Amino acid sequence: MFTFAQITDFHISMPEGMADRTYQTARHLRVAVAHLNGLPQRPEFVLCTGDLVDRGGDEEYALLADILGQLTMPFYLIPGNHDDRAAMRRAFPGHAYLAGHDGFMQYTIEAWEPRLIALDTLIPGEPGGRLCPQRLDWLHERLGEQPDRPTIIFMHHPPFRTGLTKMDNAGLEDNAGLVGIVRRHAQVEAVLAGHVHRFITRRFAGTVAMTAPGPAHQVDLNLGAEEKLSLIMEPPAGLLHLWLGGDDGLVSHVSYTGGCYQGVTVFADGQWIRDAPPLAPSIPLP
Ligand SMILES: [Fe+2]
41 MFTFAQITDF HISMPEGMAD RTYQTARHLR VAVAHLNGLP QRPEFVLCTG
91 DLVDRGGDEE YALLADILGQ LTMPFYLIPG NHDDRAAMRR AFPGHAYLAG
141 HDGFMQYTIE AWEPRLIALD TLIPGEPGGR LCPQRLDWLH ERLGEQPDRP
191 TIIFMHHPPF RTGLTKMDNA GLEDNAGLVG IVRRHAQVEA VLAGHVHRFI
241 TRRFAGTVAM TAPGPAHQVD LNLGAEEKLS LIMEPPAGLL HLWLGGDDGL
291 VSHVSYTGGC YQGVTVFADG QWIRDAPPLA PSIPLP
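Here this note's numbering = 1-based position in the sequence shown + 40.
Following this line, the structure appears as structure tokens:
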């Protein structure tokens, strides 16, 4: 029995960048890292499921590497739509797995049971995600290698509609290929994703899929609204996955990482509106 953590959608920006000015993303990630290091159920490793930085520049990745370097356990990265593969590789030269396969940052982690498989949904320059035949073929081959070993897939874009319309419009292009493959491989215990800055879960292709909340800003729970997207400082969090193994499998918990604020940013009528009151910490940050 052991735990591993999933944190996602850090959107690290430089101090003058919008994400840092509005949501203090770097500071929140530092708080999340301290939280994970201090957990009594110390995670064996940490999955970082994309949108690691906000603009994809080298400076942002250098700051990210500095913050994640404080983790006292191994961590693994995949890209989200805000990321740049080449800049990620430059910033994390010790992470050889980022070389990936055919240019995509897809890899397996074999050190633990369950086995972990990373998928790369990035389409450079676009908010939505894609699993092209090349990426899906690779997944199908990997799953065929060890059909009896419990396996967890992790990726940035969730492979299901969430009801958050504006996020769904920037979601995974087509999930049919992934559904077809996962259905044929009963060893898949879960599919873990990010992108939507909320905890959401559903039955998926014979397994369970879920998304993790963010360590800074969340997407407001606003179901069915066509145009409106609000980013809100609900309590920052990540997921703490508990591997019980055997018939008990994987159990996933929300773990609040600290640094709770009030304040809101709203996307409405085609533009961002930032007339919310100044961020007021309800829990002091270090
Ligand atoms: Fe994203």
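Beta carbons: idealized from backbone N, C-alpha and C, even for Gly. Just so we're clear, the structure is a prediction, and the values are computed from it rather than from any experiment.
Nearer than 7 Å: is that true of the beta carbon of ASP208 relative to any heavy atom of ligand 1?
As a first step, residue 208 is located in the sequence shown; it is residue number 168 there, counting from the start. ASP208 Cβ: outside cutoff for every heavy atom of ligand 1.
Heavy atom of ligand 1 within 7 Å of ASN121 beta-carbon
Here the question's residue 121 lines up with position 81 in the sequence shown. Yes, since a heavy atom of ligand 1 falls inside the 7 Å radius drawn around the Cβ of ASN121.
ILE52 and VAL73 closer than 8 Å at C-beta
Looking up residue 52 in the sequence shown gives position 12. Looking up residue 73 in the sequence shown gives position 33. For ILE52 and VAL73, no; Cβs fall outside 8 Å.
Would you mind listing the beta strand (DSSP E) stretches within the stretch 62 to 96 that are 3+ residues and don't spill past its ends, in chain order?
Fully contained in the stretch 62 to 96 are the following beta strand (DSSP E) runs of length 3 or more, in chain order: 86 to 89.
Other residues of its chain near MET207: CB distance less than 8 Å, five sequence neighbours each side excluded
Indexing the sequence shown from 1 puts residue 207 at position 167. For MET207, where only same-chain residues beyond five positions count, the Cβ hits under 8 Å are HIS235, VAL236, VAL259, LEU269.
Take every Cβ of the stretch 271 to 281, pair it with every Cβ of the stretch 202 to 220, and state whether three or more of those distances are shorter than 8 Å.
no
Hey, out of ASP124, PRO55, TYR63, GLN81, whose CA is closest to LEU280's CA?
Stepping through the sequence shown from its first residue, residue 280 is reached at position 240. Comparing Cα positions, the closest option is GLN81.
Taking 7 Å as the cut-off, is the C-beta of GLY254 nearer than that to any heavy atom in ligand 1?
For the purposes of this step, residue 254 is identified with residue 214 of the sequence shown, where counting begins at 1. No, the beta carbon of GLY254 sits no closer than 7 Å to any heavy atom of ligand 1.
Could you check whether the Cβ of HIS235 sits closer than 7 Å to any heavy atom belonging to ligand 1?
Numbered from 1 along the sequence shown, position 195 holds the residue referred to as residue 235. The answer is yes for HIS235.
What runs of the beta strand (DSSP E), each 3 residues or longer, lie entirely inside the stretch 139 to 222?
147 to 149, 155 to 158, 191 to 194
Any heavy atom of ligand 1 closer than 7 Å to the Cβ of GLY90?
In the sequence shown, residue 90 corresponds to position 50, counting from 1. A heavy atom of ligand 1 is found nearer than 7 Å to the CB of GLY90.
Is the Cβ-Cβ distance between PHE115 and VAL86 less than 8 Å?
The count along the sequence shown starts at 1 and reaches residue 115 at position 75. The count along the sequence shown starts at 1 and reaches residue 86 at position 46. Closer than 8 Å, so yes.
With a threshold of 16 other CB atoms inside 10 Å of the CB of VAL231, please say whether the residue is buried or exposed.
Translated into positions along the sequence shown, residue 231 becomes position 191. It counts as buried.
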